[in-house]
Every structure is written in structure tokens, then in C-alpha cells.
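To start, the structure under review is shown below, and the notes come after it.
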Amino acid sequence: MEKDAVILMAKAPIPGLVKTRLCPPFTKANAAALYACLLKDTAAELSRLARTQRYLFFSPPESEGFFRRDPFSGFVRIPQTGKDLGERMAGAFETAFARGCTRVALVGADCPTLSAPLVRAAFRELASSAGAVFGPCDDGGFYLIALSSHAPSLFRGVGWGTDAVLSEVCLRCRAAGLPYSLLPAGFDIDTADNVATLFRWARTRFLPACPRTRRWLTSRGDG
């Protein structure tokens, strides 16, 4: 029986530990507050996925208490392990596949354009002919990666945080003979310029709902 799963990679919104590239111009507290809004909105959006196992891999390990409340209560909570982002993602995929999942999508918590329909589209691609699916970001990374089987070679030795992440991982797919497809492009929130893009996006797009993030934007004025 086919079993879909979605993994949310999350950090507790601790000032000084999340979204530090926003500082300056934002304070550490404001950057953490924005991240908390993005994180909770992402969890709420993923909760719309029916018949899908939801996992939340969190960091740091002592922060589980934060994630026991809504909108995280419907997720299976597991601490992140690994020395870098690649190891943490590979470990999360390994766990989901070991628990019997057959199609697994992994997302971060800082892409406001991520929606439940996009995750469903990734599952459809995997059910068709793709072995991997990526949601490209305009910074050269990706906001979503979905796999039909564990592929740890995709995550080893990648220069995470560069503008060549997606192209490098796609090259690895080709080398492994793993067919892949791409979802519509999105953007994530890492810099002040990304926040300016977020303001413009929110004025013209009404889905995903992102209510907490939109309230944060309203509290900041017109940006």
C-alpha cells in the first residue's frame, strides 16, 4: 500500500539562533518572530494534507516542548541528527522510509509560497515517473525535495548555502540515473531583500493564507 509522508525541518524560534542573516536591519527578536510566524503557518498548511503522515524534525533537541502545541500537535516529533544540513535531511528521509513510507516530501519552514497543493503535486510526480521532485527557490536552492526512495548520495558533500545547491543536486540525480521533475519556483526568507519580496507578494497573492506571517507584515507597515 502506498504511504505518503511530509517532513517539516524546523528550528525553535530562538532569537540569535534563527534567521541571523536578517540582522541587521532587523533585531534578533524581530527576525525570530518572523521565523515563528513562517514556521507556524507552514505547519498549519501541511496539516491540510489528508492521508499523509506528518513528521517534524526539530532542533535544538531540548526544544521539543515548543513543538507540542498547535499547530504542531498532529506531527510525529523527532530530534534532528547530523553534522550539517545534508546529513540532517538524509537522516530524516531514512527515518520516514524505514517506517514504511513510499513517497516522502521534505520542506523547510521559511517559504511562504509553499502550499498543500504543491506537496500533493510532488506526490503525483513521484507516482508517475519521477524519482525526485524539487521546488526551486530563486536563490539557487530548493524549498521542497520529494523522493520515492532513500537516496543518501544526493546529500553528501553538497555546498549548502550557495547559489548552486539545486543544480548540484540535479547533477547528482543525473549521475545516479534518477529522473526528476520541478515544481513552480518560489522564494524563501533569508535576507532583508527577501522580506521586501514578501511584502510585495503578500499584496497581490492571497493563497497560501499565511495568516500569522501576514499579521507580522501588517505590524511592520508597508515595508
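Residue numbers for the sequence shown follow this note's numbering, beginning at 6 and rising by one.
All residues carry an ideal CB built from backbone N, CA and C; glycine is no exception.
A direct Cα-to-Cα measurement between Asp9 and Thr196 gives close to 33 Å.
Straight through space, the alpha carbons of Asn199 and Asp144 are spaced by roughly 10 Å. Counting C-beta atoms within 10 angstroms of its own C-beta, Lys45 has 16 or more neighbours from the protein chains shown and is therefore classed as buried. Pairing Arg177 with Met94, the inter-Cα distance amounts to about 16 Å. At the C-beta level, Leu152 and Ala132 stay beyond 8 Å of one another. Runs of the alpha helix (DSSP H) lying entirely within the stretch 43 to 129 and spanning at least 4 residues, in chain order: 90 to 103. In this structure, Leu111 sits away from Ile194, with a CB-CB distance that is not shorter than 8 Å.
Fewer than three pairs of CB atoms, one per stretch, sit closer than 8 Å, so the stretch 157 to 167 makes no contact with the stretch 111 to 122. DSSP places Phe139 in the strand class (E or B) of the three-state scheme. In this structure, Lys24 sits away from Ala15, with a CB-CB distance that is not shorter than 8 Å. Annotation note: the stretch 162 to 204 contains the following uninterrupted beta strand (DSSP E) runs of length 3 or greater, listed N- to C-terminal: 185 to 187.
Ranked by Cα distance from Arg53, the options Ser186, Ser154, Val124, Thr223 are led by Val124.
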